[in-house]
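> The opening residue of the sequence shown carries number 30 in the numbering used here; numbering runs sequentially from there.
Cβ atoms here follow ideal geometry from the backbone N, Cα and C, with glycine treated the same way.
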Amino acid sequence: MNMKNIILTGIGIVGGLIAHLFGGWDAAMVTLVIFMAVDYATGLMVAGIFHKSKKTEHGALESRAGWKGLCRKGLSLAVVLVGYRLDLVMGSNFIRDAVVIGFIVNEVISITENAGLMGVPIPEAITRAIEVLKGKSEE
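(1) Return the chain-ordered ranges of every alpha helix (DSSP H) run that is complete within the segment 60 to 130 and spans a minimum of 4 residues.
(2) Please state if the CB of Lys-81 and the CB of Gly-72 are separated by a distance shorter than 8 Å.
(3) What number of angstroms, rounded off, separates the C-alpha of Arg-157 from the C-alpha of Leu-61?
(4) Counting along the chain, where does the alpha helix (DSSP H) carrying Val-43 start and finish?
(5) Which residue from Ala-66, Leu-46, Val-109 and Trp-54 puts its Cα closest to that of Gly-98?
(6) Going by the beta-carbon positions, is the gap between Val-109 and Val-128 smaller than 8 Å?
(7) How would you label Ser-139, buried or exposed, when you count the other beta carbons within 10 angstroms and need 16 or more for buried?
(8) Out of Phe-132, Glu-86, Thr-85 and Lys-84, which one is the CA nearest neighbour of Ala-107?
The structure is reproduced here in structure tokens:
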């Protein structure tokens with residue numbers, strides 16, 4: 030076996046283990062991870078190109094703010110893991126899905142806010158829906 034196959038096999042094993050720990054690599058998890066990546070990338074653009082970040086004093090790119098964002102996303106995935114483990118204990122499959130959907134909604138809100146900061150026109154229906162979701166989350 031050559032080194033490339035060994036490395037790819039190792040990556041496959043680790044990836045499979047991670048997917049198993051999160052309850053599988055279904056459409057919801059794929060969507061969440063994609064939205065997290067899009068949110069992070071748009072956040073970098075808001076700060077690095079447009080200098081309009083609300084997460085830094087001057088609105089510019091700052092490594093500390095970037096690390097905080099990555100830590101938040103990592104913790105979000107840890108909460109998904111906890112939700113899945115609770116489902117296993119309770120014999121259900123509701124908690125993980127509810128947690129994933131909640132985080133997907135949060136990512137959509139953040140992506141939309143980033144797009145707005147970059148000057149992308151946001152349809153009024155989306156803006157109103159986000160305001161409703163924000164109000165419900167504050168309650």
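So, from the listed chains and residues:
(1) The qualifying runs are 92 to 119.
(2) Residue mapping note: residue 72 aligns to position 43 of the sequence shown, counting from 1. Residue mapping note: residue 81 aligns to position 52 of the sequence shown, counting from 1. No. Outside cutoff.
(3) Here residue 157 refers to the residue found at position 128 of the sequence shown. Here residue 61 refers to the residue found at position 32 of the sequence shown. Rounded to whole angstroms, Arg-157 to Leu-61 spans 22 Å at the Cα level.
(4) Position 14 of the sequence shown, counted from the first residue, corresponds to residue 43. Start and end: 32 to 50.
(5) Numbered from its first residue, the sequence shown carries residue 98 at position 69. Check the Cα spacing between Gly-98 and each of Ala-66, Leu-46, Val-109 and Trp-54: the tightest is with Ala-66.
(6) Along the sequence shown, read from residue 1 onward, the residue named residue 109 stands at position 80. Along the sequence shown, read from residue 1 onward, the residue named residue 128 stands at position 99. The beta carbons of Val-109 and Val-128 sit closer together than 8 Å.
(7) Taking the first residue of the sequence shown as 1, we reach residue 139 at position 110. Counting the other CB atoms within 10 Å of its CB gives Ser-139 a total of 16 or more, which places it among the buried residues.
(8) Sequence index remark: in the sequence shown, residue 107 carries index 78 (1-based). Here the closest residue by C-alpha is Phe-132.
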